[in-house]
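K.L.:
Numbering (UniProt numbering), first residue to last: 1 to 80.
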């Protein structure tokens, strides 16, 4: 095992964790938004609004907070 392997793993591990976390939050946010639309269609407005708010927060955290701010920034800095 070369000496570069631990450093490569130390750089790669946060990228993998951020990618998985962003994917889970985004997929969960989409599922919650879909459930919100379903509840809105069935007439449960309060539940639909609550789910829409939770879905928005999950999408914001997944797409902007993690994927854009952390993951893309880390990839661009590593590419230089």
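Backbone N, C-alpha and C fix where the C-beta goes; we use that ideal spot for every residue, glycine too. Computed from a predicted model, the values in this text were never measured in an experiment.
Apply the 10 Å Cβ neighbour rule to residue 25 and answer buried if 16 or more other Cβ atoms are within range, or exposed otherwise.
P.N.:
Buried: at least 16 other Cβ atoms inside 10 Å.
K.L.:
Have a look at residue 27 and residue 50 and give me their C-alpha separation to the nearest angstrom.
P.N.:
Residue 27 and residue 50: Cα-Cα distance of roughly 18 Å.
K.L.:
Could you round the C-beta distance between residue 36 and residue 55 to whole angstroms and report it? I think they count as a contact, below 8 Å.
P.N.:
Confirmed, Cβ separation roughly 6 Å.
K.L.:
Count the C-beta pairs between the segment 7–25 and the segment 57–74 that are closer than 8 Å, then say yes if the count reaches three, no if not.
P.N.:
Contact holds: three or more Cβ-Cβ distances are below 8 Å.
K.L.:
Looking at the secondary structure, which residues open and close the alpha helix (DSSP H) in which residue 148 lies?
P.N.:
Residue 148 lies beyond the stretch modelled for the chain, which goes from 1 to 80, so this question has no answer here.
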